[in-house]
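Single-structure report; data block below.
Numbering (the numbering used here), first residue to last: 2 to 127.
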């Protein structure tokens with residue numbers, strides 16, 4: 002089954018193909034990762050990719066704001082009345098277990114970085 006594509010899409014695909022070959026030559030011929038990325042980029046609807054990118058950026062922004070507010074809340078506190086030390090220590094323990102689990106499962110660096118920053122903030126609270 003054949004179908005026609007527009008000229009700009011053909012040019013985009015041929016340029017990407019040349020770039021993939023150049024990238025594989027620089028990486029020593031490892032094509033497993035590049036094949037997966039190529040499949041995602043070429044076989045997924047561009048609108049879905051754009052929405053996914055937008056949601057990812059918004060998630061990172063809100064996570065940064067949450068970290069900032071958490072640090073500023075604990076930095077301003079002079080009296081820790083109403084805050085449980087046991088809860089903070091348990092959160093440190095749980096965050097450590099989650100971080101080790103994510104490291105063991107070869108999670109992406111973006112998720113590990115986010116979780117690692119949260120872990121450092123939890124230990125800073127103690």
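Positions of the beta carbon are idealized from the N, C-alpha and C atoms, including for glycine.
Selected residue, minimal CA-CA separation from residue i, among the options
i	options	result
residue 118	49, 6, 99, 23	99
residue 111	57, 101, 84, 24	57
residue 47	24, 10, 28, 66	10
Assumed close pair residue i, residue j - CB separation to whole angstroms, cut-off 8 Å
i	j	result
residue 91	residue 103	Contact doesn't hold; Cβ gap of about 19 Å is too wide.
residue 93	residue 123	5 Å
Sub-8 Å separation of residue i and residue j beta-carbons
i	j	result
residue 120	residue 88	no
residue 50	residue 14	no
residue 22	residue 75	no
Same chain only: Cβ atoms within 7 Å of residue i, ignoring 5 sequence neighbours per side
i	result
residue 115	64
residue 105	none
Contacting residues, own chain, Cβ-Cβ under 8 Å from residue i (five flanking each side not counted)
i	result
residue 26	none
residue 68	118, 119, 122
Quiz item: Does the stretch 36-51 come close enough to the stretch 14-21 that 3 or more CB-CB pairs lie under 8 Å?
Solution: yes
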